[in-house]
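A short worksheet on the structure shown next.
Numbering (the working numbering), first residue to last: 39 to 77.
Encoded structure:
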């Protein structure tokens, strides 16, 4: 994830890298929403 974010911050990310970073961010947000106390 870090190399993707670095490319975005530097402004030299490809379209594929931008899409991958967005996918990882969505995945990360989804994981944060999982309630592990019910397990």
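C-beta atoms are modelled at their ideal positions from N, C-alpha and C, and glycine is treated no differently.
DSSP-derived helix/strand/coil call for residue i
i	result
residue 54	helix
First and last residue of the uninterrupted alpha helix (DSSP H) at residue i
i	result
residue 44	40-48
Other residues of its chain near residue i: CB distance less than 7 Å, five sequence neighbours each side excluded
i	result
residue 45	51, 55
Spatial distance of residue i from residue j (CA atoms)
i	j	result
residue 69	residue 53	25 Å
residue 39	residue 74	24 Å
residue 24	residue 65	Residue 24 is absent from the model: the chain starts at 39 and stops at 77.
residue 48	residue 60	16 Å
Residue i: CB within 6 Å of a non-hydrogen atom of the ligand SAH
i	result
residue 59	Of the ligands one can find in the structure shown there are none, so the ligand SAH has no counterpart to examine.
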